[in-house]
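Chains X and Y, in that order, give the protein sequences. The first sequence runs 12 to 213 under the working numbering. The second sequence runs 12 to 213 under the working numbering. The C-beta atom is built at its ideal place from N, Cα and C for all residues, glycine as well.
Number of protein chains: 2
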Amino acid sequence: MHRPRKEMIAETRAKLIAAARRAFGTIGYAEASMDDFTASAGLTRGALYHHFGDKKGLLEAVIAEIDGEMAVRVNEVASRAPTRWQHFVDECTTYIEMALEPEIQRIMFRDGPAVLGDPAQWSNANACVGSMTDHLTALQGEGVVVPSVDPETAARLINGASSQAAQRIANSDDPEATSKIVVAAFKQLLEGLLRKPASQQS
Amino acid sequence: MHRPRKEMIAETRAKLIAAARRAFGTIGYAEASMDDFTASAGLTRGALYHHFGDKKGLLEAVIAEIDGEMAVRVNEVASRAPTRWQHFVDECTTYIEMALEPEIQRIMFRDGPAVLGDPAQWSNANACVGSMTDHLTALQGEGVVVPSVDPETAARLINGASSQAAQRIANSDDPEATSKIVVAAFKQLLEGLLRKPASQQS
DNA sequence: TCAATTGGCATACGAAGCGTATGTGAGTAG
DNA sequence: CTACTCACATACGCTTCGTATGCCAATTGA
């Protein structure tokens, strides 16, 4: 039998990622003891070092997994929507909603950048921004969005605003009410990208 | 003599903050050994714990200092400018320029949020956002900015976009050229806040 | 001026946590 | 069946952190 072997290895990797994800998402990367969360997966640090090199390597793996999940969720919501612009806006607001989840917020927007540096430089995790960039490019082709902005740049800026939006909602006393206010402001900013019907440039 | 005593204490605090600021700004908060950088100031961890409680407390002090400096610099640039809207835009771009400095980027936008949490909740360091909020409020009063957005929320979102803008420029191969592209996209987003002359809403 | 006291800062100690070097046993190939 | 590979555990030393304790200069009050 060749399979059981490979399957066990894959399972070990998966268990480590799952355990680390739980730890990173709750108590945070810095506070998460490798001894503790590997033990919670029924393993030791030996397995961790073997598969991921070090703690940062494991974080990268966790981030890649989450990024993949986020991309799927964004695309699901994005698929339905009357216009492409609406599609794009939905994508952004979905992004904000996901960033509300403590695990995503902590790992993707807080500890991740602190430990691994600028997310734009992450080799494995940029599916969401890539999707937004594609839509902006298409919208420019359709004449909906002003042609002067660089799509990827705009996507990154929007990404930054989304992160702040999510934090503001999450830390609010009244998330429901705050959400309305924040999303409204966010959409208002997005309108800056739209080509205005009559006049132009200020 | 009552002064020398107080002066020595203040000097000790200042030396600790300066040493920590240097360490945090270069190698980063996590990698900065308290033994090392206190020694570089001719002191020990004893002084650090006495004055700041712990490493995080010292980081807070460093952040408060930097925030104060940033507020001064923003206000300097802000003072001259023909219109209030231009004033506001200049404020934002100055903010981006400051975020380009490695020390500020690392401490204020990377390690700070990772260690202390959402910057919006920092009690001592919010001068810059406060200033932007004030200007947005005034601009709404003048009818320049759409009345529907919450000023502080907008300021926070812009802040997030600024941070991303700075990172994008800083990590670029050609910062000069990238800067133009990024700032252009940033300003475009800001225009979403402007009340349009003729039509409205899309 | 001199004792008592405060408090600023250093030293000493214990507890984790991390990374590496090494060991071991199960699977695999020739 | 033997030798090798490799997934993973164990063991060790180093660094770092937090606290408990000690010391000495500066201040205070008589």
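Looking at the C-beta of residue i, does it have a partner C-beta in chain X at a distance below 9 Å?
| i | result |
| --- | --- |
| L168 of chain Y | yes |
| A138 of chain Y | no |
| T105 of chain Y | no |
| T23 of chain Y | no |
| I28 of chain Y | no |
| T164 of chain Y | yes |
| F197 of chain Y | yes |
| S90 of chain Y | no |
| R95 of chain Y | no |
| Q132 of chain Y | yes |
| I192 of chain Y | yes |
| A41 of chain Y | yes |
| G171 of chain Y | yes |
| V83 of chain Y | no |
Helix, strand or coil, according to DSSP, for residue i in the structure here?
| i | result |
| --- | --- |
| V160 of chain X | coil |
| L111 of chain Y | coil |
| M12 of chain Y | Residue confidence is low: M12 of chain Y scores 43 on pLDDT, short of 50, so the model does not pin down where it sits. Its coordinate-derived value is still stated next. Looking at M12 of chain Y - three-state DSSP - the assignment turns out to be coil, as it is neither helix nor strand. |
Going along the chain, which residues of its own chain have a beta-carbon closer than 7 Å to the beta-carbon of residue i, five neighbours each way excluded?
| i | result |
| --- | --- |
| T55 of chain X | T49 |
| S210 of chain Y | Residue confidence is low: S210 of chain Y scores 40 on pLDDT, short of 50, so the model does not pin down where it sits. Its coordinate-derived value is still stated next. Correct list: empty, nothing qualifies. |
| S174 of chain Y | A110, F120 |
| H46 of chain Y | It should be pointed out that residue 46 of chain Y corresponds to Asp in this sequence rather than to His. Correct list, in chain order: R56. |
| T144 of chain X | P162, E163, A166 |
Leaving out the 5 sequence neighbours to the left and right, which residues in its chain are closer than 6 Å to residue i when beta-carbon positions are compared?
| i | result |
| --- | --- |
| A136 of chain Y | I74, A75, D78 |
| S183 of chain Y | T189 |
| F99 of chain X | H146 |
| M12 of chain X | With a pLDDT of 46 at M12 of chain X, under the threshold of 50, the modelled position of this residue cannot be trusted, and the question is left open. |
| A138 of chain X | D78, A82 |
| A92 of chain X | H98, D101 |
| M19 of chain Y | none |
Determine, for residue i, whether the minimum Cβ-Cβ distance to residues of chain Y falls below 9 Å.
| i | result |
| --- | --- |
| E202 of chain X | yes |
| L59 of chain X | no |
| D65 of chain X | no |
| T148 of chain X | no |
| T37 of chain X | no |
| A34 of chain X | no |
| L205 of chain X | yes |
| D47 of chain X | no |
| I74 of chain X | no |
| D122 of chain X | yes |
| S174 of chain X | yes |
| R56 of chain X | no |
| D184 of chain X | no |
| Q178 of chain X | yes |
| D129 of chain X | yes |
| D101 of chain X | no |
| A125 of chain X | yes |
| D161 of chain X | yes |
When you compare the CB positions of residue i and residue j, do they come within less than 9 Å of one another, or not?
| i | j | result |
| --- | --- | --- |
| L168 of chain X | V193 of chain Y | yes |
| A196 of chain X | A125 of chain Y | no |
| G36 of chain X | E108 of chain X | no |
| T105 of chain X | V85 of chain X | yes |
| P8 of chain X | G141 of chain X | The question about residue 8 of chain X has no answer, for chain X in this structure spans 12 to 213. |
| A172 of chain Y | G57 of chain X | no |
| H62 of chain X | L69 of chain X | yes |
| A89 of chain X | E80 of chain X | no |
| Q151 of chain Y | P162 of chain Y | yes |
| K66 of chain X | L127 of chain X | no |
| D155 of chain X | Q199 of chain Y | The identity of residue 155 of chain X in the sequence shown is Val, whereas the question assumes Asp. Going by C-beta atoms, V155 of chain X is not nearer than 9 Å to Q199 of chain Y. |
| A34 of chain X | A21 of chain X | no |
| S176 of chain Y | A41 of chain X | Reading off the sequence, residue 176 of chain Y comes out as Ala, not Ser. No, the Cβ-Cβ distance between A176 of chain Y and A41 of chain X is not below 9 Å. |
Just to confirm my understanding: we take residue i, look at its own chain, exclude 5 residues before and 5 after, and list those with CB closer than 8 Å. What are they?
| i | result |
| --- | --- |
| E153 of chain Y | R95 |
| R32 of chain X | V73, E76, I77, E114, I118 |
| A52 of chain X | K26, L27, A29, A30 |
| S134 of chain X | none |
| I180 of chain Y | I107, L111, P186, T189, S190, V193 |
| L205 of chain Y | W96, V155, V156, V157 |
| T148 of chain X | P162 |
| T256 of chain X | One cannot answer for residue 256 of chain X here, as it falls past the ends of chain X, which runs 12 to 213. |
Looking at residue i and the ligand PLP, is the gap between the Cβ and the nearest heavy atom below 8 Å?
| i | result |
| --- | --- |
| D145 of chain X | Within the structure as shown, the ligand PLP is missing, as the structure has no ligands at all. |
Checklist entry - Unbroken alpha helix (DSSP H) runs of length 4 or more, entirely within the region 55-133 of chain Y: which are they? => result 56-63, 66-90, 95-110, 123-127
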